[in-house]
Amino acid sequence: MPSSPPSKRQRTPFEKGLDRLFEGTTMGFALFILLLLLAIGLLILVQAWPAVQRFGLSFLWTSSWNPVEGREVFGVLPMVYGTLVSSAIALLLAVPLGLGTALFLSENFIPLKIRTVLVFMVELLAAIPSVVYGLWGIFVLIPALKWFLGLFGVSFAGPSMLAASLVLAIMILPIITAISRDSLAALPPELRQGSYGLGATRWGTIFRVLIPAAISGIVGGVMLALGRAMGETMAVTMLIGNSNTINPSLLAPSNTISSLLANQFAEAKGIQVASLMYAAFVLVILTLIVNILADWIVRKLQAKY
Amino acid sequence: MTTISGKPDDIFDAGSLKAKKSSSRNLFNIIMTGLAGLCILLALIPLVLVLFYVFVNGANSLNLDLFTQLPPPPGSAGGGISNAIMGTLIVVAISTVISVPIGVLCAIWLSEFGSDDTSIDEYVRFGVNILAGVPSIIAGVFIYGIMVRPGRPGYSALAGGVALAVLMLPTIIRTADEALKIVPQEIRWAALGVGASKYQTVLKVVLPAAIPAILTGVTLAIARAAGETAPLIFTALFSPFRFNGITEPIATLAVLVYNFAILPFRAQQELAWAASLILVLLVLLTSIIARFATRQKTY
Chain A
2 MPSSPPSKRQ RTPFEKGLDR LFEGTTMGFA LFILLLLLAI GLLILVQAWP AVQRFGLSFL
62 WTSSWNPVEG REVFGVLPMV YGTLVSSAIA LLLAVPLGLG TALFLSENFI PLKIRTVLVF
122 MVELLAAIPS VVYGLWGIFV LIPALKWFLG LFGVSFAGPS MLAASLVLAI MILPIITAIS
182 RDSLAALPPE LRQGSYGLGA TRWGTIFRVL IPAAISGIVG GVMLALGRAM GETMAVTMLI
242 GNSNTINPSL LAPSNTISSL LANQFAEAKG IQVASLMYAA FVLVILTLIV NILADWIVRK
302 LQAKY
Chain B
-10 MTTISGKPDD IFDAGSLKAK KSSSRNLFNI IMTGLAGLCI LLALIPLVLV LFYVFVNGAN
50 SLNLDLFTQL PPPPGSAGGG ISNAIMGTLI VVAISTVISV PIGVLCAIWL SEFGSDDTSI
110 DEYVRFGVNI LAGVPSIIAG VFIYGIMVRP GRPGYSALAG GVALAVLMLP TIIRTADEAL
170 KIVPQEIRWA ALGVGASKYQ TVLKVVLPAA IPAILTGVTL AIARAAGETA PLIFTALFSP
230 FRFNGITEPI ATLAVLVYNF AILPFRAQQE LAWAASLILV LLVLLTSIIA RFATRQKTY
């Protein structure tokens, strides 16, 4: 069989350059992501600067928001309060429900086929736009709450912290469920078998073996959901009532940072834009802390098998 | 937890290996199973209710006018949401055109070159995670600051598309990165072994193999972007008119739902439900198609 001799041709400088150019271009786009993050932070800070100079850190604990010209005072405390409280209530409701659902879907309580369908449904529900949840909240949830609270003689105006937190809980439930289930389902089957083999009951196995082993994923999912809840805008804006005051009652209207931005940006001018940028910066920092913490916790708790 | 340990007498009948039904650990098991079942019921009820109301109310206001007419002025009945349907398609197309090339090239670097000698890829991956966690309204604020604020071009379909692109990037990068990583290493060795250069290997061998999975990621990102409202309300704004250029404000389904839901007029509220149904169908269908497409593995 005749075989052609191996080619001794070397790559031309042009071809080598093309290779380097390609690698360089892709690297440029990768670095662009870091640049983009930096740009988001910097641009918001720069445009917030007039407000930062004028109000300083007292912006964080001032609780009036007055855009009337000549008497402008801006403080973000009620919105920070609203953001934190609504997210906390949503987590409080969604974590037990989500974790319970995830356990039910990752263990063999029900036939695999039904589980597959339910898992698929949960994942699809995470994709429903938040504005749809808001619409549902206005026309279904609030009337239902009015009726329910009316049974106890409680008067309820409608848009309130309660309504917003409930819808937030419904919205983050699929996130917590999906991520917790994924990390439970990804555990090696030997863990379950070993535990059962030692005589542990099903729930003994779940509490003492499976949850500790999957805790990094579960906590990561919860933190992700917290970040999502804090930044969630549309459904909350449509349901929370947008009142810039701190009211300890859950039945009273309140506001969150993202709702404030959604409501006021399109019509804001001058120092109000700067103040809104300042509020946006506060939101960025809050969610950044939660997300970095989530990343760190997942790394810290990750069990190796 | 005392329920797991316990003396043998508590667990077994005397002289038998059959566990007592009434032992504390069995009771605990039954109660916990019941609680978990309750959890899934409680979790599913609101989710099913949301879908139910969207489908019923949306279907009630569905008709042909929706797809051909413009929204009516406040207070009058009839009309449709044709401009918003068109607008959503246009804005999402703009954001796809921007985010897909950037995202895929970034993913190529991450999976093919990134881990070569530095740890920059770690930073970029971390950056992608952080970007994924940035609230959607912040993307709107950012683009408002660049393209919309007084002295800049102002509200436009383009600004809305760019804001959505910022949100689509992390999804595209992550899925493309994973898709490229699944391509077996042997294929790269084979390509390099027969004399292909790096860019030939990546562009002509690795990337084509990963394309189906990348498309799935892009589809999911598009589905997500189509429903986003927050980044659009002060970038794309809204318009009661037909599309007239990407430098003008534009109507989108998501913003239409928001604007019309808070109006006290029945006709507008019905349009909001109809728009919600169309949005939900759009999002659910694309998600389902994307999921089924990934079932066929290429290698």
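If you read the sequences in order, they're chains A and B.
Per my numbering, the first sequence starts with residue 2, numbered consecutively.
Per my numbering, the second sequence starts with residue -10, numbered consecutively.
Ideal Cβ placement from N, Cα and C applies to all residues, glycine included.
Computed from a predicted model, the values in this text were never measured in an experiment.
On the DSSP letters alone, give me the boundaries of the alpha helix (DSSP H) that residue i sits inside.
i, result
"residue 167 of chain B", "146 to 171"
"residue 17 of chain A", "14 to 56"
"residue 131 of chain B", "125 to 132"
"residue 118 of chain B", "109 to 122"
"residue 195 of chain B", "Unbroken run through residue 195 of chain B: none, as it is neither H nor E."
"residue 221 of chain B", "Careful: residue 221 of chain B lies outside any alpha helix (DSSP H) and carries neither H nor E."
"residue 175 of chain B", "174 to 182"
"residue 190 of chain B", "Segment: none, residue 190 of chain B is in no alpha helix (DSSP H) and carries neither H nor E."
"residue 240 of chain A", "235 to 240"
Given a threshold of 16 other Cβ atoms within 10 Å of its Cβ, counted over all protein chains shown, does residue i qualify as buried or as exposed?
i, result
"residue 238 of chain A", "buried"
"residue 144 of chain A", "exposed"
"residue 217 of chain B", "buried"
"residue 179 of chain B", "exposed"
"residue 233 of chain B", "exposed"
"residue 248 of chain B", "buried"
"residue 205 of chain A", "buried"
"residue 190 of chain A", "exposed"
"residue 282 of chain B", "exposed"
"residue 286 of chain A", "exposed"
"residue 97 of chain B", "buried"
"residue 12 of chain A", "exposed"
"residue 59 of chain A", "exposed"
"residue 259 of chain B", "buried"
"residue 101 of chain B", "buried"
"residue 15 of chain A", "exposed"
"residue 107 of chain B", "exposed"
"residue 47 of chain B", "buried"
"residue -10 of chain B", "Any reading at residue -10 of chain B must be qualified, since the residue scores a pLDDT of 44, below 50, and its modelled position is unreliable; the value itself is stated next. Flag for residue -10 of chain B reads exposed."
"residue 232 of chain A", "buried"
"residue 290 of chain A", "exposed"
Residues bridged to residue i by DSSP?
i, result
"residue 67 of chain A", "A:74"
Taking only beta-carbon positions, decide if residue i is within less than 8 Å of chain E.
i, result
"residue 50 of chain B", "You won't find chain E in this structure, because its protein chains are A and B."
If we require 3 or more residues per run, which beta strand (DSSP E) segments fall completely within the segment 119 to 172 of chain A?
Counting only unbroken stretches of 3 or more residues, no beta strand (DSSP E) element lies wholly within the segment 119 to 172 of chain A.
Assess contact between the segment 239 to 259 of chain A and the segment 146 to 154 of chain B, defined as three or more Cβ pairs (one per stretch) separated by less than 8 Å. Is contact present?
No contact exists between the segment 239 to 259 of chain A and the segment 146 to 154 of chain B.
Any alpha helix (DSSP H) of 4 or more consecutive residues that is wholly inside the segment 10 to 76 of chain B:
Within the segment 10 to 76 of chain B, the complete alpha helix (DSSP H) runs of at least 4 residues are 13 to 49, 54 to 57.
Whether or not the segment 161 to 178 of chain A and the segment 61 to 75 of chain B are in contact is what I'm after, with contact meaning three or more pairs of Cβ atoms, one per stretch, closer than 8 Å; do they touch?
Short answer: they don't touch.
Would you list, in sequence order, the uninterrupted alpha helix (DSSP H) runs of no fewer than 4 residues that lie entirely inside the segment 246 to 299 of chain A?
Runs found: 258 to 265.
Contained alpha helix (DSSP H) runs [length at least 4] in the segment 231 to 282 of chain B, N- to C-terminal order
As far as the segment 231 to 282 of chain B is concerned, its whole alpha helix (DSSP H) runs of at least 4 residues are 242 to 250.
Taking one C-beta from the segment 123 to 135 of chain B and one from the segment 276 to 294 of chain A each time, how about it: are there three or more such pairs within less than 8 Å?
The segment 123 to 135 of chain B vs the segment 276 to 294 of chain A: in contact.
Quick check: the segment 28 to 38 of chain B against the segment 96 to 109 of chain A, are at least 3 beta-carbon pairs closer than 8 Å?
Touching, yes, given that three or more Cβ pairs across the two stretches are closer than 8 Å.
Unbroken stretches of the alpha helix (DSSP H), 4 residues or longer, contained in the segment 184 to 221 of chain A:
Counting only runs of at least 4 residues, the segment 184 to 221 of chain A fully encloses the following alpha helix (DSSP H) elements, listed from N- to C-terminal order: 190 to 198, 203 to 206.
Would you call the segment 186 to 206 of chain A and the segment 87 to 96 of chain B in contact, with 3 or more CB pairs under 8 Å?
By the Cβ criterion, the segment 186 to 206 of chain A is not in contact with the segment 87 to 96 of chain B, since fewer than three pairs of Cβ atoms, one from each stretch, lie closer than 8 Å.
Quick one: any contact between the segment 260 to 274 of chain B and the segment 41 to 54 of chain B, if contact means 3 or more CB pairs under 8 Å?
As far as the Cβ criterion goes, the segment 260 to 274 of chain B touches the segment 41 to 54 of chain B, which means the pair count is three or higher.
For the 8 Å Cβ check, are there 3 or more pairs between the segment 225 to 241 of chain B and the segment 50 to 61 of chain B?
Taking a contact to require three or more Cβ pairs closer than 8 Å, the segment 225 to 241 of chain B and the segment 50 to 61 of chain B qualify as touching.
Contact the segment 133 to 141 of chain A vs the segment 167 to 182 of chain A: 3+ CB pairs below 8 Å:
Verdict: yes, contact present.
contact_flag[the segment 197 to 210 of chain B, the segment 272 to 282 of chain B] where n(CB pairs < 8 Å) is 3 or more
Contact between the segment 197 to 210 of chain B and the segment 272 to 282 of chain B is present: 3 or more CB-CB pairs across the two stretches fall below 8 Å.
Determine, using beta-carbon pairs with one atom in the segment 259 to 276 of chain A and one in the segment 50 to 70 of chain A, whether at least three such pairs fall under 8 Å.
Because the criterion of three Cβ pairs below 8 Å is met, the segment 259 to 276 of chain A and the segment 50 to 70 of chain A touch.
Does the count of Cβ pairs from the segment 182 to 189 of chain A and the segment 206 to 217 of chain A closer than 8 Å reach three?
Taking 8 Å as the limit for Cβ pairs, the verdict is that the segment 206 to 217 of chain A does touch the segment 182 to 189 of chain A.
Would you check if the segment 235 to 255 of chain B and the segment 159 to 171 of chain B touch, i.e. whether three or more CB-CB distances between them fall below 8 Å?
Because the criterion of three Cβ pairs below 8 Å is not met, the segment 159 to 171 of chain B and the segment 235 to 255 of chain B do not touch.
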